[in-house]
Every structure is written in structure tokens, then in C-alpha cells.
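Below is one structure; the comments refer to it alone.
Residue numbers (our numbering): 37 to 184.
Spelled out as C-alpha cells, the structure:
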């Protein structure tokens, strides 16, 4: 599994569409073939075109905005959980670029510590639900396509 690193990679995946949601997370997916970016340079005639996803593999990115997780330690803990759970499901996910985006905050009254085991367990459980739902739908769609 490859990790998304550049802003243009994240933007291309977010433009691809949402394939799954939970109360706190959204999963976005984009095919690897479509996105191509123009490299910025000082010489306009020598502007090379580079593919965003060079390796044909599963790509994963995590977006945890400050708006929904104020503390850096919380953002980092959530990102670690995203990458850990996605590694468990990498054999079931299609070869494409994916971004898991935090779309709502976890209640600070319920999770008082910035990186408690209870918060990590809640994040992990919800991420497992997200990936299980997406892989179940992908498997059902593949079966229907094979039956017709």
C-alpha cells in the first residue's frame, strides 16, 4: 500500500467521489488512470506532464483537520488508526486511490483525554465499520456484474 503525499493527489481523490460514510468519517475513492497534473516551472515550453499515481497499487491518505480534532496528538492518533485499519482491509479494497476524511469531531466531554485508549477504540471500531461496509458493497457489486 502506498501513501498519498502531495496536495494534488489528495485533491484528485476528493474530486473522485464518496464511497462510504460513518458518523465521523468519509471514504473517498478515485481511479488511478484519470488524474494527471501539469508541473509548474519557470519555462512554459518545458512543462512536463506527470502522473499523480506512478505505481499501480492501493493508495491511502488520511485527512484529519484541526477543525474537528484540535490537539495534534489526537490528530496523529486518529491518522495512525486510519493507516492501521486500512492495512487490515488492503486485500479487500480495489486498486485505487483512497482518502479517509474526518468529518465530525469526537465529543470532548466523552473523550476527555487527547489520546485515550477509549478514543482509539472508538475510532478503530468506526473505521472498521466504514471499511467493512465499503468492501461488502464492492463485493456485492462484483458478484452482480459477474452474474449478468
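Just so you know, even glycine gets a beta-carbon here, dropped at the ideal spot from N, CA and C.
Following the continuous beta strand (DSSP E) through residue i, name the residue where it begins and the one where it ends.
{"i": "residue 61", "result": "61-66"}
{"i": "residue 54", "result": "54-57"}
{"i": "residue 98", "result": "95-99"}
State the start and end residues of the unbroken alpha helix (DSSP H) segment that holds residue i.
{"i": "residue 133", "result": "Looking at the DSSP string, residue 133 is not in any alpha helix (DSSP H); the run it does join, the beta strand (DSSP E), is 133-138."}
{"i": "residue 143", "result": "Where residue 143 is concerned, there is no enclosing alpha helix (DSSP H), given that its DSSP letter is neither H nor E."}
If we ignore side chains and look at the alpha-carbon of each, how far apart do residue i and residue j end up?
{"i": "residue 164", "j": "residue 105", "result": "20 Å"}
{"i": "residue 111", "j": "residue 121", "result": "16 Å"}
{"i": "residue 173", "j": "residue 58", "result": "14 Å"}
{"i": "residue 55", "j": "residue 166", "result": "10 Å"}
{"i": "residue 113", "j": "residue 151", "result": "7 Å"}
{"i": "residue 99", "j": "residue 43", "result": "11 Å"}
{"i": "residue 142", "j": "residue 103", "result": "11 Å"}
If you reduce the DSSP assignment to three classes, tell me which class residue i lands in.
{"i": "residue 39", "result": "strand"}
{"i": "residue 87", "result": "strand"}
{"i": "residue 82", "result": "Legend: pLDDT at residue 82 = 46, less than 50; position of this residue unreliable, value from coordinates given subsequently. Reduced to three states, the DSSP call for residue 82 is helix."}
{"i": "residue 102", "result": "coil"}
{"i": "residue 152", "result": "coil"}
Since residue i and residue j should fall inside the 8 Å C-beta cutoff, what is the C-beta to C-beta distance between them, to a whole number of angstroms?
{"i": "residue 132", "j": "residue 68", "result": "6 Å"}
{"i": "residue 154", "j": "residue 147", "result": "6 Å"}
{"i": "residue 88", "j": "residue 48", "result": "6 Å"}
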